[in-house]
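Line order of the protein sequences matches chains A and B. 2 is the number of the first residue of the first sequence in our numbering; add one for each residue after it. 2 is the number of the first residue of the second sequence in our numbering; add one for each residue after it. Glycine included, every Cβ here is placed at the ideal spot set by N, Cα and C. What follows is one structure encoded as structure tokens, with my remarks underneath.
2 protein chains.
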Amino acid sequence: MVKSHDHSQSHRRVRADHATELAEDYVEAIDDICRESGSCRAVDLARRFGVSNVTVTRTVSRLVRDGYAQTEPYGPIELTPKGKRVAEHARARHQIVYRFLLSLGVSEKTASVDSEGIEHHVSRETLHAMQRFIDHTARPSDG
Amino acid sequence: MVKSHDHSQSHRRVRADHATELAEDYVEAIDDICRESGSCRAVDLARRFGVSNVTVTRTVSRLVRDGYAQTEPYGPIELTPKGKRVAEHARARHQIVYRFLLSLGVSEKTASVDSEGIEHHVSRETLHAMQRFIDHTARPSDG
DNA sequence: GTCGATGTTTAGCCCATGCTAAATTTGCGG
DNA sequence: CCGCAAATTTAGCATGGGCTAAACATCGAC
């Protein structure tokens, strides 16, 4: 049975997570795209996320407002130092969750999809446990 | 490195998950509360989730609209058969994720909090892998 | 039966995240 | 330089999910 506890606390955390999930996804994607092609445009993000360019523009404006990104009218989108830190953190966490799922034995496809949903809800403690599991599972002879 | 793939697909799934997360949390909670106290009132859910009773009322009205719950004015909130099925499913999944996290070695507190965030993003395949891990980890001498 | 506490609903507000349509800017081909 | 295509922005709309204030219903105490 699941341990009894204060649900309101957990749910508040889950809701708070939601508020930052999209921001994290965006900074992660902006970072990716900048690495891949040198600069990031709204249209790149729109294609990446499968949403309209209008949605991207408005979301990016929130990132700018919150100090994660900067951009000039009709210019490319760049990350601030704060945004870069978040992107690095998100990227590292994403990779741990992804590799953890692979270690657990699921397919690459599933690991890829599930890691994107799960990554935002993994606490530091659980992330460390996942890392330990990866290290423990990876034997020296493994490729 | 994380395998390259169509991000827009994954993110669409993540967004679609969000649309049903709260509904699942609610039916799970309604089911819990009904089991505990025989009936579920809006105020019970408000306390559970730490939100206002107004928010609960409106969310429940969406559950009713979507066929998960039913209620009469000023009456208690009940689950439809469809809602009960979702609640059972969510409860089972939640417990697997919770026990899985415990098996992984995190604290009860963390397992409780993280499982509530993670449960909605776990595919069938990953859930099965978690179940296998629990079974594999649980030794006969364990309490 | 009335009153007050408690619970529910309604009205009205906010923000985030999605959309389309239309206006604007940019930048390239000619 | 002109014009067109592509990208961006603006305007306007929807839904979900949060809130407070105020109206309304229910129920137990008296």
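Per DSSP, the unbroken beta strand (DSSP E) holding residue 79 of chain B starts and ends at 78-80.
Per DSSP, reduced to three states, the secondary structure at residue 70 of chain A is strand. The stretch 120-136 of chain A makes no contact with the stretch 68-88 of chain A, as fewer than three CB pairs between them are under 8 Å. In this chain, the alpha helix (DSSP H) harbouring residue 118 of chain B covers 109-119. For secondary structure counted as the beta strand (DSSP E) over 3 or more consecutive residues, the stretch 8-73 of chain A holds these complete runs in sequence order: 70-72.
In the same chain as residue 138 of chain A, and ignoring 5 residues on each side of it, the C-beta atoms closer than 8 Å to its own belong to 104, in chain order. Between the alpha carbons of residue 18 of chain A and residue 116 of chain B lies a gap of roughly 13 Å. With its beta carbon less than 8 Å from one in chain A, residue 130 of chain B belongs to the interface. Shown here, residue 106 of chain B sits in coil according to DSSP, grouped into three states, outside any helix or strand. In terms of CA proximity to residue 51 of chain B, A:15 leads the group A:15, A:109, A:113. A residue is called buried once 16 or more other Cβ atoms fall within 10 Å of its Cβ, and residue 40 of chain B, having fewer, is exposed. Counting the other Cβ atoms within 10 Å of the Cβ of residue 53 of chain A gives fewer than 16, which makes it exposed. With respect to residue 135 of chain A, residue 92 of chain A sits apart: the two C-beta atoms are not nearer than 8 Å. A distance of 8 Å or more separates the beta carbons of residue 65 of chain B and residue 58 of chain B.
For residue 87 of chain A, no chain B residue has a Cβ inside 7 Å of its Cβ, as the nearest lies near 17 Å away. Around residue 36 of chain A, the same chain offers no residue with a beta carbon nearer than 8 Å, after the five sequence neighbours per side are excluded.
The beta carbon of residue 64 of chain B does not come within 8 Å of any beta carbon belonging to chain A, so the residue lies off that interface.
C-alpha of residue 80 of chain B to C-alpha of residue 28 of chain B: approximately 7 Å in a straight line. Rounded to whole angstroms, the gap between the alpha carbons of residue 25 of chain A and residue 82 of chain A is 14 Å.
Residue burial annotation: residue 67 of chain B is exposed, with fewer than 16 other C-beta atoms found within 10 angstroms of its C-beta. Residue 12 of chain A has its alpha-carbon roughly 16 Å from the corresponding atom of residue 98 of chain B.
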